[in-house]
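Note sheet for the following structure.
Chains as they are written, first to last, in the working numbering: chain W, 449 to 550; chain P, 7 to 557.
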């Protein structure tokens, strides 16, 4: 039987207008994963999914997903794919953003 | 090269206007993403990890100086100052904004370029030998028929919604630099015993999760009957190719499931219905298109060119570069230059706007104003006088593209991988960079000799790992990047599928593993025996033993 999916999660997507990777903060969308609202429970994660679906339907964001983050204060994404999404290509550090605002 | 006529230009402009309207409606919310996605893909616009990515079509890899300069302008104006040449002879921009796309496409159209049919289940941008028209052993310049195919397949109404994407490649020479056996249709231009020009037709090659080499369905197709035959192949595929399973939708699966004989029988039967219906190109139209590919007026030059020979003797670095990056030209006193987009530690295929401008300047001054993109992610200056090679090399050195490594171990193909691509499971580019750095010593590279390493970040195989002498496939193993090694692949006229060597390696281990494979080769090679020949002689056992023997 699959393990219950209970870890912390954030809502992410890409802005329709310019494609930028963004995170839902609880009010709006930020470029930085550290600004993201973290869902600590499956119920809160479900709430994020609903917010994501509504933002998609409102043509604000596309490729909307709720993704796992680590249980740390800066909630770094759990998977390497999402870590790279959060900052930019690892081979062009000069173009990267940090995970949090400067 | 081909220049758009009024019809072509009108089509390009109309397409920009159409997409401008579609983007406008999408941004206003009048189109949903489900409705819009196929429309943007038809214009080459993908969504990747960090932004939209635009794939620009470079038909058969041929670009004018004006086009290269425009690509540089676009990189500065709409992107972050660079682009990426791919294994499909195309150019990709990584940081595109949807709202700017219509203006970007208008800029592209101003130099007769676009992103049409660089995505979607249609006939994709046709590719060809990057030495087309300038190589001595060629039956005919493959760009002529490639342009015919481009025009025939552009917005072809019957073939715009195929079961899956469809790629056609053409070589005009027996030495295959276009990897024709790895394509849905591969064409090799040949002459029959009567001296007539025609095509060997290969069908059903492809990479991805099920690598298949193409089947030769015709040993000789008369030149004038090509379009009706292509039409017959596409019809059989369009009718019977699977649409229920994306992993089984390519024509290679249909050829496999029907069997090559039955597939060929059906194509030939269809062809009997279509070949007399006026689809074939009138000879005068082919003559018209061929005129665009008339070679430049070469000067009569007597070889040897003393200044060139002297420069090689005096400058070892130049001589090394000539030995790998300069290829004999059909015209005496001229040369074909491969510009390596693989500087040591660099990102394979990446080129800045300033570098694009510098390449355009070189082409304008030294190469009859033409540049080629190769499926090995390099560029080619096809028409350089031997007497100008030293100046070209020196200028390339100033822009960081003078590495003498074409065809060597650091001339690595790598897809964008997990650094950019939403489909990838693992990063490709950092592995390519670390291999390049590990083997940076030029004498060592030249000692190892011809060796093609190709890296894909997922099973879709955009990095052509199946065709690599050494192939590297990135996989996700419990959330970690792992890399499998295949050996023995080839993309030329001796095409072969690389065989998996054994369990994969972590990112930390993979470069050491590659060095061991190379070490095994150096231990057992015979004099002047390239890596692929050694592998074919001895098989995988010595390499396995070196890699896994003590595990």
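Using N, Cα and C, we set each Cβ at its ideal position, and we do this for glycine too.
Just to confirm before moving on: does the CB-CB distance between residue i and residue j stay below 8 Å?
i, j, result
"residue 477 of chain P", "residue 489 of chain P", "no"
"residue 71 of chain P", "residue 366 of chain P", "yes"
"residue 1 of chain P", "residue 361 of chain P", "The question about residue 1 of chain P has no answer here: the residues shown for chain P are numbered 7 through 557."
"residue 256 of chain P", "residue 192 of chain P", "no"
"residue 459 of chain W", "residue 499 of chain W", "yes"
"residue 219 of chain P", "residue 205 of chain P", "no"
"residue 87 of chain P", "residue 358 of chain P", "yes"
"residue 386 of chain P", "residue 398 of chain P", "no"
"residue 299 of chain P", "residue 149 of chain P", "yes"
"residue 154 of chain P", "residue 292 of chain P", "yes"
"residue 216 of chain P", "residue 171 of chain P", "no"
"residue 203 of chain P", "residue 290 of chain P", "no"
"residue 437 of chain P", "residue 93 of chain P", "no"
"residue 53 of chain P", "residue 510 of chain W", "yes"
"residue 423 of chain P", "residue 412 of chain P", "no"
"residue 538 of chain W", "residue 356 of chain P", "no"
"residue 514 of chain W", "residue 547 of chain W", "no"
"residue 416 of chain P", "residue 445 of chain P", "yes"
Just to confirm the assignment, what range does the alpha helix (DSSP H) spanning residue i have?
i, result
"residue 528 of chain W", "528-535"
"residue 312 of chain P", "312-320"
"residue 7 of chain P", "Note, residue 7 of chain P: premise wrong, no alpha helix (DSSP H); not H, not E."
"residue 43 of chain P", "39-48"
"residue 552 of chain P", "547-554"
"residue 27 of chain P", "12-33"
"residue 475 of chain W", "Looking at the DSSP string, residue 475 of chain W is not in any alpha helix (DSSP H), and its letter there is neither H nor E."
"residue 453 of chain P", "448-454"
"residue 500 of chain W", "490-505"
For residue i, decide whether its Cβ has a neighbour in chain W, counting only Cβ atoms nearer than 8 Å.
i, result
"residue 111 of chain P", "no"
"residue 90 of chain P", "no"
"residue 56 of chain P", "yes"
"residue 489 of chain P", "no"
"residue 433 of chain P", "yes"
"residue 76 of chain P", "no"
"residue 39 of chain P", "yes"
"residue 479 of chain P", "no"
"residue 382 of chain P", "no"
"residue 495 of chain P", "no"
"residue 485 of chain P", "yes"
Identify whether residue i lies in helix, strand or coil by the three-state DSSP scheme.
i, result
"residue 492 of chain P", "strand"
"residue 425 of chain P", "helix"
"residue 352 of chain P", "coil"
"residue 192 of chain P", "strand"
"residue 513 of chain P", "helix"
"residue 485 of chain W", "coil"
"residue 499 of chain P", "coil"
"residue 520 of chain W", "coil"
"residue 103 of chain P", "coil"
"residue 125 of chain P", "coil"
"residue 253 of chain P", "helix"
"residue 537 of chain P", "helix"
"residue 67 of chain P", "helix"
"residue 134 of chain P", "strand"
"residue 51 of chain P", "strand"
"residue 530 of chain P", "helix"
"residue 442 of chain P", "helix"
"residue 365 of chain P", "helix"
Would you say residue i faces chain P, with C-beta separation under 8 Å as the test?
i, result
"residue 484 of chain W", "no"
"residue 538 of chain W", "yes"
"residue 533 of chain W", "yes"
"residue 474 of chain W", "no"
"residue 466 of chain W", "yes"
"residue 543 of chain W", "yes"
"residue 499 of chain W", "no"
"residue 454 of chain W", "no"
"residue 469 of chain W", "yes"
So the beta strand (DSSP E) residue i belongs to, where does it begin and stop?
i, result
"residue 59 of chain P", "58-62"
"residue 79 of chain P", "Here residue 79 of chain P belongs to no beta strand (DSSP E); instead the alpha helix (DSSP H) covers 71-84."
"residue 155 of chain P", "No beta strand (DSSP E) contains residue 155 of chain P, which is instead part of the alpha helix (DSSP H) from 148-159."
"residue 340 of chain P", "340-345"
Taking only runs that begin and end inside the segment 371-439 of chain P, name each unbroken alpha helix (DSSP H) of 4 or more residues, in chain order. Runs of the alpha helix (DSSP H) lying entirely within the segment 371-439 of chain P, each at least 4 residues long, are 395-404 in chain order.
Any beta strand (DSSP E) of 3 or more consecutive residues that is wholly inside the segment 257-332 of chain P: Within the segment 257-332 of chain P, complete beta strand (DSSP E) segments of at least 3 residues are not found at all.
Give the residues from the segment 503-526 of chain W that approach chain B closer than 9 Å (Cβ to any Cβ), ordered along the chain. The structure shown contains no chain B; its protein chains are W and P.
Could you give the uninterrupted runs of the beta strand (DSSP E) lying entirely in the segment 173-246 of chain P, keeping only those of 3 residues or more? Complete beta strand (DSSP E) runs here, min 3: 174-177, 191-197, 203-209, 221-228.
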